[in-house]
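J.:
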Amino acid sequence: MTIARLPLLIAMIGAITAPAAAQQQIKTPPNAFSDRLASLSELQRHAALRRAILDSGQYCKRVEWSAKQQQYKNLVMWVARCNPGGDKAVYIGPDGTVQVRDCKEAATLKLPACRVPPAKPATARK
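In this note's numbering, the protein residues as written are 69 to 194.
1. Quick one: what does DSSP say R183 is sitting in, helix, strand or coil?
2. What do you get for Y159, buried or exposed, if any count of 16 or more other CB atoms within 10 angstroms of its CB means buried?
3. In or out: G153 buried (at least 16 other Cβ within 10 Å) or exposed?
4. Using only CA atoms, which one of L179, D170, P162 lies nearest to P98?
5. Would you tell me roughly how many angstroms separate the C-alpha atoms of P185 and S134, rounded to the nearest one?
6. Taking the straight line between their C-alpha atoms, what separation do you get for A89 and E132?
7. With DSSP run on the structure shown, which of helix, strand or coil describes D163?
8. Measuring alpha carbon to alpha carbon, tell me which residue in L177, K136, A100, V168 is nearest E110.
9. Is DSSP giving A90 helix, strand or coil here?
10. Taking 8 Å as the limit between beta carbons, can you name the residues of its chain near A116, skipping five residues before and five after?
The structure is reproduced here in structure tokens:
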């Protein structure tokens, strides 16, 4: 290999490894409010999510299930199943602001789809 080709080889290696290095530098911003929600007991977390849903003007008699789903832009997305009330996406901002959307509207609003377990079948009363 001649010395003239060495800079070309270095440039090619840099181009190949640059995207991988850029991906490693991307970190999700800290969200103390979401972290605090995650640290609560299940009962406390369900109560906090229910309060956020009610404060947004949506109906939720009881949260049956909830989970942290993913990072979406600078928000942390949680999902909650209300009974009655349906599945809700709860977005928590780094400043503690909360936005709630019905999971059925996610595609229309170009938001991430909610990943929730199948609903339990209703039990018949005698």
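From the three backbone atoms N, C-alpha and C, an ideal C-beta is built for every residue, glycine too.
T.: Let me spell this out:
1. Indexing the sequence shown from 1 puts residue 183 at position 115. R183 falls in the coil class under three-state DSSP.
2. Sequence index remark: in the sequence shown, residue 159 carries index 91 (1-based). Buried, by the Cβ-count rule.
3. One-based indexing of the sequence shown puts residue 153 at position 85. Under this definition G153 is a buried residue.
4. Counting from 1 along the sequence shown, the entry for residue 98 is found at position 30. Cα-wise, what sits closest to P98 is P162.
5. In the sequence shown, residue 185 corresponds to position 117, counting from 1. In the sequence shown, residue 134 corresponds to position 66, counting from 1. Between P185 and S134, the C-alpha separation is close to 10 Å.
6. Against the sequence shown, residue 89 aligns to sequence position 21. Against the sequence shown, residue 132 aligns to sequence position 64. Confidence at A89 is low in this model, with a pLDDT of 47, below 50, so the placement of that residue is unreliable and no value is reported for it.
7. Indexing the sequence shown from 1 puts residue 163 at position 95. D163: coil per DSSP, three-state reduction.
8. Mapped onto the sequence shown, residue 110 falls at position 42. Checking every option, the nearest Cα to that of E110 belongs to K136.
9. Working through the sequence shown from its first residue, we reach residue 90 at position 22. In this prediction, A90 scores a pLDDT of 48, lower than 50, which makes its location untrustworthy; no coordinate-derived value is stated.
10. For the purposes of this step, residue 116 is taken as the residue at position 48 of the sequence shown. Excluding positions up to five away in sequence, the list reads L105, L108.
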